[in-house]
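K.L.:
Quick one: the structure is below, and I'll ask about it shortly.
Residue numbers (the working numbering): 290 to 652.
As structure tokens, then:
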């Protein structure tokens with residue numbers, strides 16, 4: 290944010306939007322434990338079957354998640370009169386640092402994004418939805434776990450082991466001027482989003498099921514850009530999402546392929562406004578294998594074009610690419626729990642590691 294300092298010394302002058310709802314958390318472990326307990330209570334039911342679809346998440350970089358980058362959604366919209374309720378929790382561990390003769394950036398901390406979403410089928414092949422996000426940043430508790438994860442899979446640490454543990458410091462300098470600084474933890478309302486879907490095709494061929502939907506979203510600037518809970522911009526996204534699921538012979542279950550692609554336009558925001566792009570593209574591709582009706586194993590790639598320009602730093606101006614690994618546990622009452630872990634394939638364009646949990650109930 291040009292000429293604006295985010296941090297403990299200037300927070301009162303820079304809070305906007307929903308700063309009255311700011312909640313400081315000094316013990317992230319307690320909050321993570323409460324969220325885990327909620328998911329445990331909500332998932333103590335028996336098992337059933339569900340559609341193979343993308344994980345409901347996107348790039349959680351602290352400088353990207355403020356925009357209206359959507360999760361791709363399902364290729365089948367809800368039938369008229371049917372509802373879906375979803376609770377999403379993304380915990381992202383960020384550690385990226387880079388420096389040139391003109392620029393310097395450090396992104397060290399954990400980001401937390403909790404989303405409550407509601408969708409309803411409202412007519413012939415149409416769907417409407419509302420997303421209520423809560424976003425926070427803190428020093429976190431997972432630095433040791435992430436270092437162990439990288440050691441286990443022989444992944445580069447990128448300087449993690451030499452940095453202070455459990456620190457929150459998001460800082461960007463250009464031409465000797467501090468353009469962005471966030472070093473105090475907090476949690477509050479993010480940018481509310483409205484969404485819609487239109488079923489373009491749904492049918493079968495032999496043992497395969499196919500679906501195609503046009504989806505869109507409108508993100509409103511309800512979150513504080515001073516706390517990196519929102520961008521200050523109004524964003525509109527439009528994309529196609531497709532799915533094909535094949536029933537395998539005998540007892541071998543089902544194999545599904547899914548993908549999405551689209552674009553987003555953004556008005557002028559408050560975070561690095563003279564470097565912000567106003568158009569971005571995004572896409573998802575993945576597949577899942579369901580050996581039984583109650584479980585699906587999935588592998589997914591997510592990518593997006595950069596949200597900023599006029600920078601030679603990859604954290605700001607390079608396309609992002611992530612890989613997500615995990616699966617779904619499906620329950621008989623149209624409830625599904627998704628669990629995934631992601632890694633940044635295009636280094637430093639997305640969080641080091643993101644843990645994704647989501648629970649969806651349809652009725």
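Even glycine gets a Cβ: it sits at the ideal position worked out from N, Cα and C. All of these numbers come straight from a predicted model, not from anything done at the bench.
(1) By the DSSP assignment, the alpha helix (DSSP H) with residue 632 in it spans what residues?
(2) When the Cα atoms are used, what is the spatial distance from residue 492 to residue 499?
(3) Whole angstroms are fine: how far does the CA of residue 428 sit from the CA of residue 609?
(4) What separation, rounded to the nearest whole angstrom, lies between the Cα atoms of residue 475 and residue 424?
(5) Would you decide whether residue 372 is buried or exposed? Buried here means 16 or more other CB atoms lie within 10 Å of its CB.
(6) Since residue 394 contacts residue 602 with CB under 8 Å, what's their CB separation in whole angstroms?
(7) What's the gap between the Cα of residue 518 and the Cα of residue 484?
(8) Going straight from the alpha carbon of residue 374 to that of residue 580, what length do you get?
(9) With DSSP run on the structure shown, which of helix, strand or coil describes residue 437?
(10) So the beta strand (DSSP E) residue 586 belongs to, where does it begin and stop?
(11) Between which residues of its own chain and residue 650 is the CB-CB distance below 6 Å, once the five residues before and five after are set aside?
(12) I want to know whether the segment 456-473 touches the segment 401-417 - three or more CB-CB distances under 8 Å.
(13) For residue 533, report the span of its alpha helix (DSSP H) as first-last.
(14) Please confirm whether residue 361 and residue 487 have their CB atoms less than 8 Å apart.
(15) At the level of alpha carbons, what is the spacing between residue 317 and residue 418?
(16) Between which residues of its own chain and residue 614 is the CB-CB distance below 7 Å, once the five residues before and five after are set aside?
(17) Quick check on the burial criterion: 16 or more other C-beta atoms within 10 angstroms. Buried or exposed for residue 502?
(18) For a test of the three-state rule: what should DSSP assign to residue 604, helix, strand or coil?
(19) Apart from the five residues on each side of it in sequence, which residues of its chain come closer than 7 Å, Cβ to Cβ, to residue 431?
(20) Quick one, are the C-beta atoms of residue 514 and residue 505 less than 8 Å apart?
(21) Which residues in the same chain as residue 578 place their Cβ atom closer than 6 Å to its Cβ, once the five residues preceding and following it in sequence are excluded?
(22) Check whether the Cβ atoms of residue 554 and residue 567 lie closer than 8 Å to each other.
(23) Taking Cβ to Cβ, would you say residue 459 is nearer than 8 Å to residue 396?
(24) Distance check for residue 391 and residue 443, CA to CA, integer angstroms please.
P.N.:
Straight from the coordinates:
(1) Careful: residue 632 lies outside any alpha helix (DSSP H), inside the beta strand (DSSP E) at 624-633.
(2) For residue 492 and residue 499, the distance between alpha carbons rounds to 5 Å.
(3) Straight-line Cα distance between these residues: approximately 24 Å.
(4) As the crow flies, the alpha-carbon of residue 475 is around 8 Å from that of residue 424.
(5) With fewer than 16 other Cβ atoms within 10 Å, it is exposed.
(6) About 5 Å; that satisfies the 8 Å criterion.
(7) For the pair residue 518 and residue 484, the Cα-to-Cα distance works out to about 19 Å.
(8) For residue 374 and residue 580, the distance between alpha carbons rounds to 26 Å.
(9) Three-state result, residue 437: helix.
(10) Going by DSSP, residue 586 is part of the beta strand (DSSP E) stretching over 584-593.
(11) Cβ within range, chain order: 374 and 624.
(12) With contact defined as three or more Cβ pairs closer than 8 Å, the segment 456-473 and the segment 401-417 are not in contact.
(13) Here residue 533 belongs to no alpha helix (DSSP H); instead the beta strand (DSSP E) covers 524-536.
(14) Taking a C-beta distance under 8 Å as the contact criterion, residue 361 and residue 487 do not qualify as a contact pair.
(15) Its pLDDT being 47, under 50, residue 317 is placed unreliably by the model, and the measurement read from it follows with that caveat. Their backbone Cα atoms lie some 30 Å apart in a straight line.
(16) So the qualifying residues of the chain are 588, 629 and 630.
(17) With a threshold of 16 other beta carbon atoms within 10 Å, residue 502 meets it and is buried.
(18) DSSP, read as helix, strand or coil, puts residue 604 in helix.
(19) Within the same chain, residue 431 has close Cβ partners 382 and 399.
(20) In this structure, residue 514 lies away from residue 505, with their beta-carbon atoms at least 8 Å apart.
(21) If we look at residue 578 and ignore the five residues flanking it on each side, its Cβ neighbours are 544 and 586.
(22) Between residue 554 and residue 567, the gap from beta carbon to beta carbon is short of 8 Å.
(23) Yes, these two residues count as a Cβ contact at 8 Å.
(24) Counting only the Cα atoms, residue 391 lies some 33 Å from residue 443.
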